[in-house]
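Numbering (this note's numbering), first residue to last: 28 to 165.
Ideal placement from N, C-alpha and C gives every residue a C-beta, glycine not left out.
Written out below as structure tokens is the structure these notes cover.
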């Protein structure tokens, strides 16, 4: 027996590491966390989405919203995405989001692209999905 004494509270499991084809999928936000960027110069909201219908049901997607960063354009793009999530999930105050748990488990439509991954990220073919749009589910 090995005693490894590892805190795994920040490790997510589940879903597939393969990408899905470009398109729009019905999904729910299944979790998120807010942490420092890898470079240490900001904070990023990691959004975990789970596809809930169709051929790719159960597949997990991720989006990264860098809400605190020296680059104003980076922050603007992240804030726009956060507001789109708030509107899509029917958040009661989309102009002021304090607790992201209100987003969880509400079906939304998520449009994704499939792009060449940078670094060691991505699937076995070197691709990753990027969330392009959030919309309310009809």
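Asked                                                                                    : Found
Burial state of residue 61 (16 or more Cβ within 10 Å)                                   : exposed
Endpoints, the alpha helix (DSSP H) within which residue 47 is located                   : First-last for residue 47: undefined, no H or E at that position.
Top-ranked residue by Cα proximity to residue 128, from 135, 137, 118                    : 118
Status (buried if at least 16 other CB within 10 Å, exposed otherwise) for residue 148   : exposed
Cβ contact (3+ pairs, closer than 8 Å) linking the stretch 80–95 and the stretch 44–56   : yes
C-beta atoms of residue 124 and residue 163 nearer than 9 Å                              : no
Contact set for residue 58: own chain, Cβ-Cβ below 6 Å, skip 5 residues either direction : 75
Simplified DSSP state of residue 148, which is helix, strand or coil                     : coil
Whole beta strand (DSSP E) elements within the stretch 50–98, 3-residue minimum          : 50–63, 70–78, 87–95
Where residue 105 sits in the DSSP three-state scheme                                    : helix
Cα-Cα separation between residue 120 and residue 144, rounded to whole angstroms         : 35 Å
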